[in-house]
Amino acid sequence: MKTVTCTAPVNIAVIKYWGKRDTQLILPTNDSLSVTLSQDILHSKTTISAAKEYSGDRLWLNGKEEDITKNKRMHNCFRETRAIRKAVEDKAAAAGQPIELLSTYPVHVCSENNFPTAAGLASSASGLAALVFTLAKLFDLPSDMSELSRIARQGSGSACRSLFGGFVAWEMGKEADGSDSKAVQVAPETHWPELEALVCVVSDAKKGTSSTEGMQNTIQTSPLMAERLKVVPGRMEAMKKAILAKDFESFGELTMRDSNQFHAVCLDTFPPIFYLNDTSRGIMRLIHEYNRSSPDGKIKAAYTYDAGPNAVIYAPKQNMREIIQLIAHYFPGTDSDYYFKDTYGVLGGAALGEN
Ligand code: ADP
Ligand code: DP6
Ligand code: CO
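Quick note, in the UniProt record's numbering, the sequence shown goes up one by one and the last residue is 355.
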């Protein structure tokens with residue numbers, strides 16, 4: 001028996017991934033780009049043990065056992081990491097070296113998110129990245145992050161970006177087998193230390209429509225999606241330029257526009273998908289008012305929303321205190337449906353950790 005524990009961070013996209021061209025391999029319809037948040041604040045912590053005596057692969061998520069018999073995404077990650085381990089075992093056996101046949105053992109996975117699960121704060125990204133990274137440690141696989149990222153992609157698309165710190169692009173690729181659909185680091189976490197992220201938990205309830213189901217419905221029914229696919233390539237280039245130049249004006253405007261367009265295609269899906277609520281929209285209005293009050297006319301903060309009502313606000317460090325005060329003032333945490341907590345996520349943590 002062998003047991004390993006690791007943690008992985010959340011990443012919040014500023015150019016959103018929404019739509020698959022291949023649902024089995026998880027190949028996207030567009031490039032995307034995200035910022036990996038410090039795992040000191042938000043993370044998935046996963047412990048995996050492998051033992052001959054176990055009767056099958058099992059998962060406990062946040063203390064409760066989940067039925068994973070039909071969970072293809074997890075089985076993709078088990079199958080791919082076991083295959084690499086098996087090759088190592090075969091090689092060792094051929095060379096007459098003793099090695100434990102871990103690839104043949106069932107595994108027990110126990111994972112905890114220290115933030116709301118399935119609420120639009122990228123739990124599938126940190127969760128599946130933690131799963132793959134922990135399996136790799138358990139099986140003593142060579143730590144080729146690109147390879148691990150490719151495997152994590154087959155667990156949840158956004159997870160491929162959580163294997164890297166800093167600013168990370170997921171290039172959609174062209175190949176049918178997904179060999180060129182991979183995450184690459186655009187800039188490390190040390191690149192832009194003045195940039196910070198504020199996570200505002202509007203609701204910790206599980207979303208009504210999962211990202212997987214929602215994006216598939218969009219692909220099948222939204223005519224606006226075709227327009228989005230024309231817009232994203234230009235935005236990707238502009239976003240990379242803005243990040244490399246540490247140009248918050250461009251970064252902020254592109255981030256807000258892309259979040260808004262993503263939620264517009266959700267509304268254009270039939271039947272429509274509503275991820276934002278009144279509080280989310282209230283925060284958007286507040287940020288626009290705040291930017292309008294800027295003495296030099298420059299953007300001071302930018303919001304973005306994943307598939308859920310919770311806001312992530314990117315801003316230069318010097319503005320954060322003011323933003324937190326504004327949000328606490330206009331959205332006081334009295335109503336249990338409208339509260340804020342876990343409000344400070346600083347960038348710059350190490351990408352992944354082994355405990
Ligand atoms: P989110 O916006 O939080 O990413 P998704 O709809 O994309 O929501 O995915 C949520 C699903 O991801 C959960 O229902 C669960 O199946 C999976 N997931 C979340 N956290 C973990 C974890 N720590 N380990 C394994 N799977 C996880
Ligand atoms: C809105 O990666 O959760 O957060 O690949 O089906 O697991 P699956 O979906 P998921 O989708 C994330 C959508 C998003 C935008 C993003 O993270 O880029
Ligand atoms: Co997700």
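Think of the CB as a built atom: it goes at the ideal place given N, C-alpha and C, for glycine as much as any other residue.
key: Paired residues, beta bridge with threonine 279 - DSSP   = Looking at the DSSP assignment, threonine 279 forms no beta bridge with any residue, so it has no partner.
Those residues, in chain order, that have a beta-carbon closer than 5 Å to some heavy atom of the ligand CO = Ser124 and Ser211
Tyrosine 54: CB within 7 Å of a non-hydrogen atom of the ligand DP6 = no
request  = Within 10 angstroms of the Cβ of valine 184, are there 16 or more other Cβ atoms? Answer buried if so, exposed if not.
outcome  = Residue environment analysis places valine 184 among the exposed positions, since fewer than 16 neighbouring C-beta atoms fall within 10 angstroms of its C-beta.
key: serine 111 versus glycine 282: straight-line alpha-carbon distance, rounded   = 34 Å
request  = Kindly list the residues whose CB is nearer than 6 Å to the CB of threonine 3, restricted to its own chain and excluding five residues on each side of it in sequence; keep chain order.
outcome  = Ser49
key: Selected residue, minimal CA-CA separation from aspartate 40, among Thr69, Phe115, Pro309 and Thr81   = Phe115
message = Would you say the beta carbon of leucine 33 is closer than 7 Å to some non-hydrogen atom of the ligand ADP?
response = no
key: Nearest to glutamate 100 (by Cα), restricted to the options Glu65, Asp140 and Asn76   = Asp140
request  = Find the nearest neighbour of valine 202 within the set Gln216, Glu80, Asn291 and Pro332, judged by alpha-carbon distance.
outcome  = Pro332
key: Contact between the region 315 to 334 and the region 215 to 231 (3+ Cβ pairs under 8 Å)   = no
query = Should lysine 207 be listed as close to the ligand ADP, given that the test is whether its C-beta is under 7 Å from any heavy atom?
reply = Under cutoff, so the answer is yes.
ask   = Can you round the beta-carbon distance between alanine 8 and alanine 92 to whole angstroms, since I take them to be within the 8 Å contact cut?
value = Wrong, their Cβ atoms sit about 28 Å apart, outside the cutoff.
ask   = How is the beta strand (DSSP E) around proline 316 delimited, first residue to last?
value = 311 to 316 is the extent of the beta strand (DSSP E) around proline 316.
key: Contact set for threonine 47: own chain, Cβ-Cβ below 8 Å, skip 5 residues either direction   = Thr3, Val4, Thr5, Val109, Cys110, Ser111 and Thr134
ask   = Taking 7 Å as the line, does the beta carbon of leucine 250 fall inside it for any heavy atom of the ligand ADP?
value = The sequence given here places serine at residue 250; leucine does not occur at that position. The ligand ADP has no heavy atom closer than 7 Å to the beta-carbon of serine 250.
query = If you compare alpha carbons, which of Ile68, Ile287 and Ala302 is closest to glutamate 249?
reply = Ala302
key: Straight-line Cα distance separating isoleucine 273 from tyrosine 17   = 16 Å
inquiry  = Beta-carbon within less than 8 Å of glutamate 66's beta-carbon, same chain only, minus the 5 sequence neighbours each way: which residues are those?
reply    = Leu59 and Trp60
inquiry  = Could you tell me the alpha carbon to alpha carbon distance between glycine 56 and histidine 75, rounded to whole angstroms?
reply    = 12 Å
ask   = Relative to the C-alpha of alanine 197, which residue among Val132, Asn310, Ala83 and Met172 is closest?
value = Asn310
inquiry  = Can you tell me whether tyrosine 17 sits near the ligand DP6, meaning its C-beta is under 7 Å from at least one heavy atom of the ligand?
reply    = Yes, since a heavy atom of the ligand DP6 falls inside the 7 Å radius drawn around the Cβ of tyrosine 17.
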